[in-house]
Amino acid sequence: CAVQLTTGLTITFNSQELVAGVNTIDFVFGTRLPNSGFISGTVNFDSSGGPVQQALVEFISNSPIGFIYTTNTDSAGNYVANVRAGDYIVAVHYYNPNRVIPYTEYYDDVQSIANATTVSVITNATTDNINFGIPDDAGSDLDITIAGTVTDAAGIPLDNALVTVSSQFGQWHGASTIY
99 CAVQLTTGLT ITFNSQELVA GVNTIDFVFG TRLPNSGFIS GTVNFDSSGG PVQQALVEFI
159 SNSPIGFIYT TNTDSAGNYV ANVRAGDYIV AVHYYNPNRV IPYTEYYDDV QSIANATTVS
219 VITNATTDNI NFGIPDDAGS DLDITIAGTV TDAAGIPLDN ALVTVSSQFG QWHGASTIY
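First residue of the sequence shown: 99, per our numbering; consecutive thereafter.
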């Protein structure tokens, strides 16, 4: 990055003195956490083997401080996260647009955090192959009953009114004629 300063100004940045004229500054992005390592893996659909894109992967620290880190899977279903060394519960959350309730799975293939396998991360090392298989139809539908009376503006009940229900994503989940 180049920085242009006017004559007579002096600025210090990261122990580097900038003076009048063009100055070059090196920035380092994506620096690692101190005393940290990496967790990596892949999230695929069980039956098809296809990648689960943009699944949320969560790392819950077992330490008293309770760090929680998150990342998302890429287009190939891969993820990698830089976390402090320690023990973690790893979970994946998948939001199926055709379902109402998101699917959550804990490592190693369990549905309850109490049954999750702890993943250990060592400083300057990668704990890899923390993989997940998501059911192709992951998520849940809700069985909801809607009851009431459809009326006009004057409060008179309407016969054969059509009531439709959709998700927040705009996909239709059902229609019913009320008599």
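We put the beta carbon where it would ideally sit given N, CA and C, even for glycine. These figures come from a predicted structure and were not determined experimentally.
Worksheet item: Residue ranges of each beta strand (DSSP E) run of no fewer than 3 residues wholly in the stretch 154–212, ordered along the chain?
Response: Here the runs fully enclosed are 154–159, 166–170, 176–182, 184–192 and 201–204.
Worksheet item: Looking at the structure shown, is A223 part of a helix, part of a strand, or coil, going by DSSP?
Response: As a working note, residue 223 is residue 125 in the sequence shown. If DSSP states are grouped into helix, strand and coil, A223 belongs with coil.
Worksheet item: Hey, quick one: how far does the beta strand (DSSP E) through N229 stretch, first residue to last?
Response: In the sequence shown, residue 229 corresponds to position 131, counting from 1. Where N229 is concerned, there is no enclosing beta strand (DSSP E), given that its DSSP letter is neither H nor E.
Discussion item. Can you tell me whether N258 is helix, strand or coil according to DSSP?
Written reply: For this step, residue 258 is matched to residue 160 along the sequence shown. Residue state, collapsed to three classes: coil.
Discussion item. Taking its Cβ as the centre, do 16 or more other Cβ atoms sit within 10 Å of G51, making it buried, or is it exposed?
Written reply: For residue 51 there is no data in the structure shown, the boundaries of the chain being 99 and 277.
Worksheet item: Where does N142 fall in DSSP's three states?
Response: Here residue 142 refers to the residue found at position 44 when the sequence shown is read from its first residue. Secondary structure at N142: strand, using DSSP grouped into helix, strand and coil.
Discussion item. Let me make sure I understand the geometry here. Which of D250, T249, A259 and P233 has the alpha-carbon closest to that of D144?
Written reply: Reading the sequence shown from its first residue, position 46 is the one you call residue 144. Of D250, T249, A259 and P233, the residue nearest in Cα terms is P233.
Fill in: Whole-angstrom distance between G175 and T168, CA atom to CA atom
Within the sequence shown, residue 168 is the residue found at index 70, counting from 1. Within the sequence shown, residue 175 is the residue found at index 77, counting from 1. Distance from the CA atom of T168 to the CA atom of G175, rounded to whole angstroms, is 15 Å.
Discussion item. At the level of alpha carbons, what is the spacing between I276 and T249?
Written reply: By 1-based counting over the sequence shown, the position of residue 276 is 178. By 1-based counting over the sequence shown, the position of residue 249 is 151. Bear in mind that the predicted position of I276 carries a pLDDT of just 47, short of 50, making it unreliable; the figure below should be weighed with that in mind. Rounded to the nearest angstrom, the two C-alpha atoms are 12 Å apart.
Fill in: Cβ-based neighbour list, D206, same chain, cut-off 7 Å, excluding 5 preceding and 5 following
The count along the sequence shown starts at 1 and reaches residue 206 at position 108. Excluding sequence positions up to five before and after D206, its CB lies within less than 7 Å of the CB of T215, all in the same chain and listed in chain order.
Item to complete: Label N196 either buried or exposed according to how many other C-beta atoms from any shown protein chain fall within 10 Å of its C-beta, with 16 as the threshold for buried.
Response: Residue mapping note: residue 196 aligns to position 98 of the sequence shown, counting from 1. N196 is exposed by the Cβ-count criterion.
Fill in: Own chain partners of N227 with C-beta closer than 7 Å, once the 5 adjacent residues on each side are dropped
On the sequence shown, position 129 is the one that residue 227 refers to. These residues qualify, in order along the chain: G139.
Worksheet item: Between D172 and the rest of its own chain, which residues show a CB-CB distance below 6 Å, the 5 nearest in sequence each way excluded?
Response: Walking along the sequence shown from the start, residue 172 turns up at place 74. The beta carbon of D172 sits closer than 6 Å to none of the beta carbons in its chain outside the five residues before and after it.
Practice prompt. Going by DSSP, name the residue or residues bridged to T249.
Written response: Sequence index remark: in the sequence shown, residue 249 carries index 151 (1-based). Beta-bridge analysis with DSSP links T249 to P255.
Practice prompt. Report the option in D235, L260 and A236 whose CA atom is closest to the CA atom of G246.
Written response: As a working mapping, residue 246 is identified with position 148 in the sequence shown. When only C-alpha atoms are compared, the closest one is L260.
Practice prompt. Out of I244, N222, D257 and A252, state which residue places its alpha-carbon closest to the alpha-carbon of A183.
Written response: As a working note, residue 183 is residue 85 in the sequence shown. Nearest of I244, N222, D257 and A252 to A183, Cα basis: N222.
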